[in-house]
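Q: Before anything else, here's the structure in question.
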Amino acid sequence: MNHKYLPHTEQEISSMLSSLGLTALDDLFSHLPAAIRFQDYGFGAPQSDSEVRASMQSLSGKPLIPFRGYGAYDHERPAIVEALSSRQEFLTSYTPYQPEVSQGTLQYIFEFQTLICELTGLDVSNASMYDGATSAAEAMMMAVNHTNCKRVLVSDGILPHVLNTLKTYAHFRGVTLEVVASSNGIVANDELTKAVQDPFAAFITPYPNRFGIIEHLDTFSDIVHAKNGLLIVYADLLALTLFKTPSKSGADITCGDAQSLGLPLAFGGPYLGYLATLQTLVRKMPGRICGMTKDNRGQRAYVLTLQAREQHIRRDKANSNICSNQSLLALQAMIYAATMGKQGLTQVAMGTIKATRYLFNLLIGTTLFTPVFKAPFAFEVTLDYVGDLGKLNSHLENRGYLGPMPLSEHRGVFYASEKQTKQTLDDFVAIIKEIDHEIR
0 MNHKYLPHTE
10 QEISSMLSSL
20 GLTALDDLFS
30 HLPAAIRFQD
40 YGFGAPQSDS
50 EVRASMQSLS
60 GKPLIPFRGY
70 GAYDHERPAI
80 VEALSSRQEF
90 LTSYTPYQPE
100 VSQGTLQYIF
110 EFQTLICELT
120 GLDVSNASMY
130 DGATSAAEAM
140 MMAVNHTNCK
150 RVLVSDGILP
160 HVLNTLKTYA
170 HFRGVTLEVV
180 ASSNGIVAND
190 ELTKAVQDPF
200 AAFITPYPNR
210 FGIIEHLDTF
220 SDIVHAKNGL
230 LIVYADLLAL
240 TLFKTPSKSG
250 ADITCGDAQS
260 LGLPLAFGGP
270 YLGYLATLQT
280 LVRKMPGRIC
290 GMTKDNRGQR
300 AYVLTLQARE
310 QHIRRDKANS
320 NICSNQSLLA
330 LQAMIYAATM
340 GKQGLTQVAM
350 GTIKATRYLF
360 NLLIGTTLFT
370 PVFKAPFAFE
380 VTLDYVGDLG
390 KLNSHLENRG
400 YLGPMPLSEH
410 RGVFYASEKQ
420 TKQTLDDFVA
430 IIKEIDHEIR
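Mapping the sequence shown onto numbering that gives the first Met the number 0, position 236 (from 1) lands on 235, and the numbers just tick up by one.
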């Protein structure tokens, strides 16, 4: 893959050297005296960003290697993300009110909004939200305000912390929130059809869900829209680089957490919420929106737009009281996406799927685990363990690993990312077998 900062592939370099009758780059400098040519100082071969980081971590206290996702996903984070976003002019979480002196900040917010729209396929995005749970709650209130109906349905495949936030917002806003039960890891069509018989504002569904399964949004869209409700999709942005976009499946609003776009685990936060919707719903959207226009000299300019929706103008009649956002983290996500590019993001998503599939095959091969659901999985997979999963996790932690997310005494959700090498995965499963032999 050609890269904007590394323009030549190994094949291209070999081709150029061959045309010159040379075999290595060092041959280009063979005419120089040996005393002034580069000497090998014993540092070894050049290393990638991730390899250098791993080497440095090996010299310090070793963090746990995570095999758990469940809303917080460990991916490679290029050093350029932290280096650029730590510049002092960027170190704020607020959207600027003075466009004359804030064109750089407004531009990256506009670029972030563009990124979200491209990934979701929807018309408009805001400048970001506090986190995924907040974005889901704000999406719920958008639907309530648009439909004038205070009954909302949500899949029980949604992450627990997102569901709890939805319940909090619903309680204090007089909204009835009903959970639609799943069977075999997905919401059955007949269950959803039964739930939409009474008037409702929206159905909120994850993509993928907390079990790692990709559900059929097209069918949900048909059922929901047939009863004049809105379809809200809580989506993993990396998944959208591979799978059908929510807009193509009929989603009216897409929300979620952008933590997987280059943000660290950071002990649970701060993270980055996003929210995108159709043009017809833009007046109901909370938060800041950055637009592009022209100034009085005809030059491109970035400004905050559609501010009549917001609380500093409408006061208590505003769509939401959200004021600040996570614009510093939006910048980090934007730098990550720009650095990786479309192909790079796709490779990260594919690498995560391949790692999880490889881990799944290894675990099933031990005969200590069995798959819980038959539906295809993506970044995470739910398995049953023959023993006590709590004991297994405790011993794994002592050995330097963060084990699967426990759902019950025997059931857990495993996750692996592109960061895990084949050797890391092999070692993890080998240690599980050792621990199982000790505790059972």
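A virtual CB, placed ideally from N, CA and C, is assigned to each residue, including glycine.
#1: Is L274 near M128, with beta carbons less than 8 Å apart?
#2: Counting only the same chain and skipping the five closest in sequence on each side, list residues whose C-beta sits under 6 Å from that of T304.
#3: Between which two residues does the alpha helix (DSSP H) carrying S13 extend?
#4: Output the distance between the C-alpha atoms of K283 and M141, rounded to the nearest integer angstrom.
#5: Where does the unbroken alpha helix (DSSP H) through C254 begin, and where does it stop?
#6: Helix, strand or coil for M0, going by three-state DSSP, please let me know.
#7: Determine the direct distance from the alpha carbon of P159 to that of Y357, and round the result to whole angstroms.
#8: Taking its Cβ as the centre, do 16 or more other Cβ atoms sit within 10 Å of H74, making it buried, or is it exposed?
#9: Pick out the complete alpha helix (DSSP H) segments inside the segment 142–205, 4 residues or longer, and give them in chain order.
#10: What is the rounded straight-line gap between the Cα of G268 and the Cα of Q56?
#11: Assuming L424 and L361 make a contact with CB atoms under 8 Å, what is their CB distance in whole Å?
#12: Below 8 Å on the Cβ atoms is my guess for P207 versus A180; work out the distance and round it to an integer in Å.
#13: Taking its Cβ as the centre, do 16 or more other Cβ atoms sit within 10 Å of M15, making it buried, or is it exposed?
#14: Answer with yes or no whether the minimum CB distance from L388 to chain C is below 8 Å.
#15: Compare the beta carbon distance of T253 and A234 with 8 Å and say whether it is the shorter of the two.
#16: Nearest-angstrom Cα distance between V174 and Y168?
#17: Quick one: what's P65 bridged to in DSSP?
#18: Distance, Cα to Cα, R76 vs Q258?
#19: Assuming T119 and P32 make a contact with CB atoms under 8 Å, what is their CB distance in whole Å?
#20: On a Cα-Cα basis, can you pick out the residue from E214, V186, D251 and A23 that is closest to A201?
#21: Using 8 Å as the Cβ pair cut-off and three pairs as the minimum, do the segment 386–404 and the segment 426–436 touch?
A: Inspection of the coordinates gives the following:
#1: yes
#2: I288 and G290
#3: E9 to S18
#4: 6 Å
#5: First-last for C254: I252 to D256, but that is the beta strand (DSSP E), not the alpha helix (DSSP H).
#6: Residue confidence is low: M0 scores 48 on pLDDT, short of 50, so the model does not pin down where it sits. Its coordinate-derived value is still stated next. Coil.
#7: 27 Å
#8: buried
#9: 159–171 and 188–194
#10: 21 Å
#11: 6 Å
#12: Incorrect: roughly 18 Å between the Cβ atoms, too far for contact.
#13: exposed
#14: The question asks about chain C, but that chain is absent: this structure has only one protein chain.
#15: yes
#16: 8 Å
#17: L401
#18: 11 Å
#19: Actually they are not in contact, since the Cβ atoms of T119 and P32 sit about 59 Å apart, beyond 8 Å.
#20: D251
#21: yes
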